[in-house]
Amino acid sequence: MQDRERTEWQPLDLGGGAKAYLEVAPRGRQEVGVLDAIPFDRVAETLTRIAQGLESAIDTVKPSKASVEIGVEFGLEAGEVVALIARGTGKANLKVTLEWDKSQP
């Protein structure tokens, strides 16, 4: 089985002693047992940056209405959380709908 197909469950530190588990796809070589719980703020920061980038792109074309659906898989690269939106196949889990209402100024 190739690395990109293998997933692991990593502890996710939600703060205040609460934990959840995040399914991640390790990328490249990882040292077994050296990863601590992933702080949730790192995951939230990754999602925030993705959302800000999409918002900026949408604001450029100024639609009347926009909706975005995104499927994000998380991976670990050198112990850091990375967002995997598209795999090597080039397929991405991203749906963008933009609408313009020409009757409004």
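Residue numbers for the sequence shown follow this note's numbering, so the first one is 306 and each next one is one higher. Cβ atoms here follow ideal geometry from the backbone N, Cα and C, with glycine treated the same way. These numbers were taken from a predicted model, which means no experiment stands behind them.
Check, Outcome
"Closer than 8 Å: S372 CB and nearest the ligand HEM heavy atom", "For the ligand HEM, the structure offers nothing, since it holds no ligand at all."
"DSSP state of T353 mapped onto helix, strand, coil", "helix"
"Cβ-based neighbour list, E328, same chain, cut-off 7 Å, excluding 5 preceding and 5 following", "T312, W314"
"Residue from E350, P316, D406, D318 with nearest C-alpha to K370", "D406"
"Opposing strand residues paired with E374 [DSSP bridges]", "K400"
"Top-ranked residue by Cα proximity to E404, from D364, A388, A356", "D364"
"Proximity winner among T402, P316, I355, Q357, relative to F345 (alpha-carbon distances)", "P316"
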